[in-house]
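*Asks:* Structure in structure tokens, see below.
Protein chains: 2
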Amino acid sequence: MPEPGEWTIPEVAVAVDLAVLTVHDGSLQIMMVNRGIPPYEGMPALPGGFLASASESLDDAAARELSEETGLDAAALHLEQLRTYGTPDRDPRRRVITVCYVAFSPGLPEPVAGGDARDAKLMPVEKVLKPRTRIAFDHKKIIRDAVERARAKLEYTTLAAAFCPPEFTMTELREVYEIVWGQRLDPRNFHRKITSVAGFLVPAGKRESKQPGRPATVYRRGPATTLHPAMLRPRA
Amino acid sequence: MPEPGEWTIPEVAVAVDLAVLTVHDGSLQIMMVNRGIPPYEGMPALPGGFLASASESLDDAAARELSEETGLDAAALHLEQLRTYGTPDRDPRRRVITVCYVAFSPGLPEPVAGGDARDAKLMPVEKVLKPRTRIAFDHKKIIRDAVERARAKLEYTTLAAAFCPPEFTMTELREVYEIVWGQRLDPRNFHRKITSVAGFLVPAGKRESKQPGRPATVYRRGPATTLHPAMLRPRA
DNA sequence: CCAAAAGTGTTCTGAATACACCCATGA
DNA sequence: TCATGGGTGTATTCAGAACACTTTTGG
């Protein structure tokens with residue numbers, strides 16, 4: 001292994017990008033910002049940016065960019081590293097590698113106020129991934145990977161609850177699964193499956209009755225993080 | 001998103017490291033090199049190094065380092081990105097982030113000849129991960145993640161065959177599972193499960209009879225890459 | 001009372017487990 | 001022929017799928 005200092009270190013800029021997914025308005029949506037300058041001027045892009053200094057950790061940079069560009073609080077969200085993208089020509093100006101993160105956010109009460117988040121907006125993933133929709137850099141590929149990560153994690157973790165507000169009903173949780181997977185699930189078997197996982201949900205001791213019909217039990221997130229056995233996607 | 005050129009880009013060196021796993025001598029082993037200089041002089045480390053130029057892709061750098069430091073041919077191996085490690089103090093000399101790859105290699109016929117691979121040697125993972133074993137940088141953590149990746153992938157992919165030579169028996173394949181998972185599996189149920197996955201194995205039309213006992217069918221890798229349904233680890 | 005949503009019970013089916021048993025070889 | 005490992009058959013168990021049915025509300 002050559003040592004730094006012994007040779008010319010290639011000039012590589014290190015960035016972080018964020019794929020913030022949320023379930024909103026009946027569809028899976030992703031937080032995008034509008035690019036103000038070339039390249040890809042005026043096109044939607046993932047929030048992100050370069051390391052602020054040589055001593056900033058990758059996780060800190062991700063949390064900072066999330067807060068700066070979308071006004072969301074990283075401490076309240078589940079942030080995890082997705083993958084690093086480093087094709088030499090992914091930025092036409094210079095060599096950039098970007099360490100990407102995924103975050104899973106509940107539906108936002110206010111449409112993201114404050115901060116530098118002027119341009120941040122939610123876009124349906126389905127629309128973003130359409131072949132004719134133009135997205136900056138290789139961000140479409142990143143979004144595809146992020147969505148696949150979310151889909152896979154629903155199977156064996158309690159991640160779905162991260163898409164829900166602090167208190168929610170079984171139907172809301174089921175809709176998260178249905179929307180992220182794009183599959184209808186049997187409400188009755190779903191109910192049984194979820195309640196059989198110890199610690200996934202804890203009853204809030206309340207009931208909610210918005211529509212006609214029997215009122216639903218209100219739940220909060222429980223301490224469990226993994227599902228055993230997993231809830232596998234129906235193989236369509 | 002700030003733009004490169006608008007501000008001072010922090011000086012960050014980008015490296016790739018490789019966790020080359022193999023099943024050898026009845027245990028899961030990993031390719032390590034010996035560090036010749038400080039820091040961590042004389043300690044085992046993962047093979048790896050810095051990007052050769054600003055135009056070298058991450059995948060190419062990984063393949064190049066694999067070949068340079070171990071003499072293995074990346075084209076013949078399954079190489080996949082694991083994760084990026086970028087704690088600010090992981091290298092005491094300067095800021096380094098390292099994009100790590102995992103590779104899965106069959107047991108090596110010759111103990112890795114040629115190339116710059118003078119110091120490359122296999123070490124049992126069990127030994128490497130012992131608390132008292134000292135490993136350079138944060139490489140112990142990386143190795144733990146790589147092993148967990150391998151364990152998980154055996155469940156839902158045909159990766160195990162990548163640990164086997166081109167032709168192998170059902171027992172050799174089962175031993176891969178047993179060694180990587182550290183669990184005994186029932187040979188009879190294993191046989192049925194594997195043969196029921198279309199395209200996992202294709203019979204080579206031969207039989208092998210090294211020990212007393214009925215000769216085993218010899219197989220080659222088939223075209224399948226995923227397992228449906230998955231083969232789950234016994235929950236011990 | 002009726003429609004609608006929440007939740008329970010029951011049956012059926014597919015897959016994992018456990019293990020009895022047969023097969024084919026070397027010594 | 002016997003020990004040894006390869007491979008098949010089969011009963012049991014467990015979990016998911018399908019769906020009838022009960023419960024509890026709004027209108």
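One line per chain: the protein sequences are A and B, in this order. Residue numbers for the first sequence follow full-length UniProt numbering, so the first one is 1 and each next one is one higher. Residue numbers for the second sequence follow full-length UniProt numbering, so the first one is 1 and each next one is one higher. All C-beta atoms in this analysis are idealised placements derived from N, C-alpha and C, irrespective of residue type, glycine included. All of these numbers come straight from a predicted model, not from anything done at the bench.
Pairing CB atoms from the region 186-202 of chain B with CB atoms from the region 187-196 of chain A, are three or more of them under 8 Å?
*Replies:* No, they do not touch.
*Asks:* Does DSSP put Met123(A) in a helix, a strand or coil?
*Replies:* On the first sequence, residue 123(A) is found 123 positions in, with the first residue counted as 1. Strand, per DSSP.
*Asks:* Can you look up Thr70(B) in the DSSP assignment and give me helix, strand or coil?
*Replies:* If you number the second sequence from 1, residue 70(B) lands on position 70. Reduced to three states, the DSSP call for Thr70(B) is helix.
*Asks:* Give the DSSP bridge partners of Met31(A), in chain order.
*Replies:* Stepping through the first sequence from its first residue, residue 31(A) is reached at position 31. In DSSP, Met31(A) forms a bridge with Leu122(A).
*Asks:* When we look at the beta-carbon of Lys210(B) and count the other beta-carbons within 10 Å, is it buried (16 or more) or exposed?
*Replies:* Along the second sequence, one-based indexing puts residue 210(B) at 210. When all chains shown are included, Lys210(B) counts as exposed.
*Asks:* What residues in its chain sit with their C-beta under 7 Å from that of Glu80(B), if we drop five residues either side in the sequence?
*Replies:* Within the second sequence, numbered from 1, the residue matching residue 80(B) stands at position 80. These residues qualify, in order along the chain: Tyr101 and Val102.
*Asks:* Could you pull the DSSP bridge partners for His78(A) from this structure?
*Replies:* The residue you call residue 78(A) lines up with position 78 of the first sequence. Answer is Phe104(A), bridged to His78(A).
*Asks:* Quick check on this structure: which residue in Thr158(B), Met170(B), Gly26(B) and Leu129(B) has the alpha carbon closest to the alpha carbon of Arg188(B)?
*Replies:* Counting from one through the second sequence, the residue named residue 188(B) turns up at place 188. Of Thr158(B), Met170(B), Gly26(B) and Leu129(B), the residue nearest in Cα terms is Met170(B).
*Asks:* Is the CB-CB distance between Ser27(A) and Glu126(A) below 8 Å?
*Replies:* Here residue 27(A) corresponds to residue number 27 of the first sequence, with the count starting at 1. Here residue 126(A) corresponds to residue number 126 of the first sequence, with the count starting at 1. Closer than 8 Å, so yes.
*Asks:* Within a Cβ cutoff of 6 Å, which residues of the same chain sit near Glu172(B), ignoring the five residues on either side of it in sequence?
*Replies:* Reading the second sequence from its first residue, position 172 is the one you call residue 172(B). Answer for Glu172(B): Cys164, listed in chain order.
*Asks:* Can you find a CB in chain B that lies within less than 8 Å of the CB of Val99(A)?
*Replies:* Position 99 of the first sequence, counted from the start, is the residue given in the question as residue 99(A). Taking Cβ atoms only, chain B reaches closer than 8 Å to Val99(A), which makes this a yes.
*Asks:* Taking only beta-carbon positions, decide if Arg192(B) is within less than 8 Å of chain A.
*Replies:* Numbered from 1 along the second sequence, position 192 holds the residue referred to as residue 192(B). Arg192(B) does not count as touching chain A.
*Asks:* 8 Å is my cut-off, CB to CB: does Thr169(B) come that close to chain A?
*Replies:* Taking the first residue of the second sequence as 1, we reach residue 169(B) at position 169. Judged by the 8 Å Cβ criterion, Thr169(B) is not in contact with chain A.
*Asks:* Across the region 143-156 of chain A and the region 202-218 of chain A, are there enough close Cβ pairs to call them in contact, namely three or more that are closer than 8 Å?
*Replies:* Because the criterion of three Cβ pairs below 8 Å is not met, the region 143-156 of chain A and the region 202-218 of chain A do not touch.
*Asks:* Quick one: grab the DSSP three-state call for Tyr85(B).
*Replies:* Position 85 of the second sequence, counted from the start, is the residue given in the question as residue 85(B). Three-state result, Tyr85(B): strand.
*Asks:* Going by DSSP in three states, Ala19(A) sits in which element: helix, strand or coil?
*Replies:* Start at 1 with the first residue of the first sequence, and residue 19(A) comes out as number 19. Residue state, collapsed to three classes: strand.
*Asks:* What's the C-alpha gap between Leu232(B) and Pro229(A)?
*Replies:* As a first step, residue 232(B) must be located in the second sequence, where it is residue number 232. As a first step, residue 229(A) must be located in the first sequence, where it is residue number 229. Cα to Cα, the separation comes out at about 10 Å.
*Asks:* Return the bridge partner residues of Val202(A) from the DSSP annotation.
*Replies:* For the purposes of this step, residue 202(A) is taken as the residue at position 202 of the first sequence. DSSP output for Val202(A) lists Arg220(A) as bridge partner(s).
*Asks:* Strictly by DSSP, which residues pair up with Val99(A)?
*Replies:* On the first sequence, residue 99(A) is found 99 positions in, with the first residue counted as 1. Paired residue(s): Val16(A) and Thr84(A).
*Asks:* With DSSP as the reference, label Thr226(B) as helix, strand or coil.
*Replies:* Locating residue 226(B) in the second sequence gives position 226, where the first residue counts as 1. Of the three classes helix, strand and coil, the one that applies to Thr226(B) here is strand, per DSSP.
*Asks:* Using a Cβ cut-off of 9 Å, pull out every chain B residue sitting near Ser55(A), in sequence order please.
*Replies:* Numbered from its first residue, the first sequence carries residue 55(A) at position 55. The contacting residues are Pro10, Pro88, Asp89 and Arg95.
*Asks:* State yes or no: is the C-beta of residue 304(A) within less than 8 Å of the C-beta of Ala61(A)?
*Replies:* Summary: the structure shown does not reach residue 304(A), with chain A confined to residues 1 through 236, and so no result is reported for it.
*Asks:* For Val20(B) and Ile30(B), what's the separation of their Cα atoms in angstroms?
*Replies:* Counting from one through the second sequence, the residue named residue 20(B) turns up at place 20. Counting from one through the second sequence, the residue named residue 30(B) turns up at place 30. Answer to the nearest angstrom: the Cα atoms are 6 Å apart.
*Asks:* Does the Cβ-Cβ distance between Ser67(A) and Asp73(A) come in under 8 Å?
*Replies:* Within the first sequence, numbered from 1, the residue matching residue 67(A) stands at position 67. Within the first sequence, numbered from 1, the residue matching residue 73(A) stands at position 73. Yes.
*Asks:* Nearest to Leu18(B) by alpha carbon, out of Glu11(B), Glu41(B), Pro10(B) and Phe50(B)?
*Replies:* Counting from 1 along the second sequence, the entry for residue 18(B) is found at position 18. Nearest option by C-alpha distance: Phe50(B).
*Asks:* Step through the CB atoms of chain B and report whether any lies within less than 8 Å of the CB of Cys128(A).
*Replies:* To locate residue 128(A), count along the first sequence from 1; it is residue 128. Position check: residue 128(A) holds Val in this sequence, whereas Cys was assumed. Taking Cβ atoms only, chain B never reaches closer than 8 Å to Val128(A), which makes this a no.
*Asks:* Would you kindly work out how many angstroms separate the C-alpha atoms of Leu46(B) and Leu82(B), rounded to a whole number?
*Replies:* Translated into the one-based positions of the second sequence, residue 46(B) becomes position 46. Translated into the one-based positions of the second sequence, residue 82(B) becomes position 82. When rounded, the distance between both Cα atoms is 14 Å.
*Asks:* Please check if any C-beta of chain B sits within less than 8 Å of the C-beta of Gln81(A).
*Replies:* Stepping through the first sequence from its first residue, residue 81(A) is reached at position 81. True, the Cβ-Cβ gap to chain B drops below 8 Å.
*Asks:* For chain A, find out if any of its Cβ atoms is closer than 8 Å to the Cβ of Phe200(B); answer yes or no.
*Replies:* In the second sequence, counting from the first residue as 1, residue 200(B) sits at position 200. Closer than 8 Å: no.
*Asks:* If I measure Cβ to Cβ from Arg90(B) and keep anything under 7 Å in the same chain, skipping five residues before and after, which residues do I get?
*Replies:* In the second sequence, residue 90(B) corresponds to position 90, counting from 1. Taken in chain order, the residues that qualify are Val96, Phe137 and Asp138.
*Asks:* Who are the neighbours of Thr84(B) on chain A, taking C-beta pairs under 9 Å?
*Replies:* For the purposes of this step, residue 84(B) is taken as residue 84 along the second sequence, with counting starting at 1. What Thr84(B) touches in chain A: Leu58, Gln81, Arg83, Thr84, Ile97 and Val99.
*Asks:* Say whether chain A places a C-beta atom closer than 8 Å to the C-beta of Ala74(B).
*Replies:* Taking the second sequence and counting its residues from 1, the one referred to as residue 74(B) is at position 74. No, no contact with chain A.
*Asks:* Under the rule that 16 or more other beta-carbon atoms within 10 Å means buried, what is Gly48(B), buried or exposed?
*Replies:* One-based indexing of the second sequence puts residue 48(B) at position 48. With 16 or more Cβ atoms within 10 Å of its Cβ, Gly48(B) is classed as buried.
*Asks:* Should Ser105(B) be labelled buried (16 or more other beta-carbon atoms within 10 Å of its own) or exposed?
*Replies:* Start at 1 with the first residue of the second sequence, and residue 105(B) comes out as number 105. Flag for Ser105(B) reads buried.
*Asks:* Buried or exposed: which applies to Glu167(A), given that a residue is buried once 16 or more other Cβ atoms fall within 10 Å of its Cβ?
*Replies:* As a position in the first sequence, residue 167(A) is number 167, starting the count at 1. Exposed is the call here.
*Asks:* With distance defined between alpha-carbon atoms, name the residue in Pro38(B), Thr158(B), Leu108(B) and Ala13(B) nearest to Ile135(B).
*Replies:* The residue given as residue 135(B) occupies position 135 in the second sequence. The shortest C-alpha separation from Ile135(B) is found at Pro38(B).
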